[in-house]
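A short write-up of the structure that comes next.
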Amino acid sequence: MTIQQITAVEAMKILTTDYNSILIDVRTFEEFNFVGTANPQGFNNRMILLPWQFYNDHQLNPDFYTILRNKLKNFFNKEDLTTKLIFICRSGARSNQAGLFISSYGYSNCYNVSDGFEGKLDQHHHRSKINGWKANNLPWEQT
Numbered sequence: 003m004t005i006q007q008i009t010a011v012e013a014m015k016i017l018t019t020d021y022n023s024i025l026i027d028v029r030t031f032e033e034f035n036f037v038g039t040a041n042p043q044g045f046n047n048r049m050i051l052l053p054w055q056f057y058n059d060h061q062l063n064p065d066f067y068t069i070l071r072n073k074l075k076n077f078f079n080k081e082d083l084t085t086k087l088i089f090i091c092r093s094g095a096r097s098n099q100a101g102l103f104i105s106s107y108g109y110s111n112c113y114n115v116s117d118g119f120e121g122k123l124d125q126h127h128h129r130s131k132i133n134g135w136k137a138n139n140l141p142w143e144q145t
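The C-terminal residue of the sequence shown carries number 145 in our numbering, and the numbering is unbroken.
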């Protein structure tokens, strides 16, 4: 199985034009709190924060599918395996894994934000400078 690879800019375009799409951030709760998250107001708050792995032990979230399925039903008031599920993490690796996993349950429109929320490391080993959600000045916030 494969999922479609897109940039953060392409993800934002889908989210703002296709109401049958949703952003699924699979980073850890710690990353949500310390690094920030996309600000979903520009796409009708269609965003789910759901860790794929846990920070303390890097174990996969055993309830990932069940929680995601229930949250999707709540957002869209139905189960629709054609909803565009746009997965994002720090740099595209975990979100790709999560998207592949969910596509195995029959979801046919899974996308991975390949440059992630923070993007690749620059020559000084810093993120958020080259590519990704933040580097492209897409809406984001910290709590």
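Note that CB positions come from ideal geometry on N, CA and C, so glycine has one too.
Could you check whether the Cβ of residue i sits closer than 8 angstroms to any Cβ belonging to chain B?
i	result
Thr68	No chain B appears in the structure shown, which is made up of a single protein chain.
Please report the straight-line C-alpha distance between residue i and residue j, rounded to a whole angstrom.
i	j	result
Ile50	Gln125	32 angstroms
Val11	Asn98	17 angstroms
Asp20	Gln7	17 angstroms
Pro141	Asp59	30 angstroms
Could you check if residue i is buried or exposed, using at least 16 other CB atoms within 10 Å of its CB as the buried criterion?
i	result
Lys80	exposed
Glu143	exposed
Is DSSP giving residue i helix, strand or coil here?
i	result
Met49	strand
Thr19	helix
Gln144	coil
Thr39	strand
Using 7 angstroms as the cut-off, classify the Cβ of residue i as near or not near the heavy atoms of the ligand COA, replying yes or no.
i	result
Tyr109	Questions concerning the ligand COA fall outside what the structure shown contains, since it holds no ligand whatsoever.
Leaving aside the five residues before and after residue i along the sequence, list all residues of the same chain whose C-beta is less than 7 angstroms from its C-beta, in chain order.
i	result
Met3	Leu102, Ser105 and Ser106
Sorted by chain position, which residues of the same chain lie with C-beta nearer than 6 angstroms to residue i's C-beta, five sequence neighbours on each side aside?
i	result
Asn138	Ala10 and Val11
Ala13	Ile88 and Val115
query = How about the region 102 to 118 and the region 33 to 44: do they share at least three Cβ pairs that are nearer than 8 angstroms?
reply = no
task = Determine, using beta-carbon pairs with one atom in the region 85 to 97 and one in the region 17 to 37, whether at least three such pairs fall under 8 angstroms.
result = yes
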